[in-house]
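S.K.:
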Amino acid sequence: MNSIPIDLSKYEEYNKKLQDEYSTDDSNLMLIKKDTESYYQTNVALIIIYYLLLIIYFFTSTQYIFSGNTKMKYAFIFIFLFLYPFFIFPFQNLSHKIIKDISSFFVQNVYRTKDW
Numbered sequence: 001m002n003s004i005p006i007d008l009s010k011y012e013e014y015n016k017k018l019q020d021e022y023s024t025d026d027s028n029l030m031l032i033k034k035d036t037e038s039y040y041q042t043n044v045a046l047i048i049i050y051y052l053l054l055i056i057y058f059f060t061s062t063q064y065i066f067s068g069n070t071k072m073k074y075a076f077i078f079i080f081l082f083l084y085p086f087f088i089f090p091f092q093n094l095s096h097k098i099i100k101d102i103s104s105f106f107v108q109n110v111y112r113t114k115d116w
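Take the sequence shown: its letters are residues 1 to 116, numbered as in UniProt numbering.
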């Protein structure tokens, strides 16, 4: 029988790639990165939609802003609406963390837990 030399370097590279891709540390980092990217993309989309709606509301209600005694009321409303995302983001982050912690308590991802 002739023994055929087998090049195992390709298999070792593939095995190393699989170990790197599916190890708990790297998988946890990938999951955190994906969660963070989707979270920020969602926030950017919501901010764009919010400010577009605010601009539309501002331009459609300008006839009411400069008439009568309600100038101060509309000024405070627009200032509050403009600054609203800066007030709501801390609460949004906290609620997102609480919901994620509660869901991970009931349904655990094996790559995120250290006790498996």
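A virtual CB, placed ideally from N, CA and C, is assigned to each residue, including glycine.
Give every residue of the same chain whose Cβ lies closer than 8 Å to the Cβ of E37, excluding the five residues on either side of it in the sequence, and list them in chain order.
M.R.: As a working mapping, residue 37 is identified with position 37 in the sequence shown. The answer is none, since no qualifying residue turns up.
S.K.: For chain C, check one thing: does any of its Cβ atoms lie closer than 9 Å to the Cβ of K17?
M.R.: Of the protein chains in the structure, only one exists, and it is not chain C.
S.K.: Tell me the residue span of the alpha helix (DSSP H) that contains L81.
M.R.: Translated into the one-based positions of the sequence shown, residue 81 becomes position 81. Start and end: K71 to F106.
S.K.: Distance, Cα to Cα, residue 135 vs Y40?
M.R.: The structure shown has nothing for residue 135, since the chain only spans 1 to 116.
S.K.: Could you check what DSSP says for D35 in three-state terms: helix, strand or coil?
M.R.: Working through the sequence shown from its first residue, we reach residue 35 at position 35. The answer is helix: DSSP assigns D35 an H, G or I state.
S.K.: Does the region 77-94 come within contact of the region 41-61, defined as at least 3 CB pairs closer than 8 Å?
M.R.: Yes, the region 77-94 is in contact with the region 41-61.
S.K.: Are the beta-carbon atoms of F89 and N43 separated by less than 9 Å?
M.R.: The residue labelled residue 89 in the question sits at position 89 within the sequence shown. The residue labelled residue 43 in the question sits at position 43 within the sequence shown. Going by C-beta atoms, F89 is nearer than 9 Å to N43.
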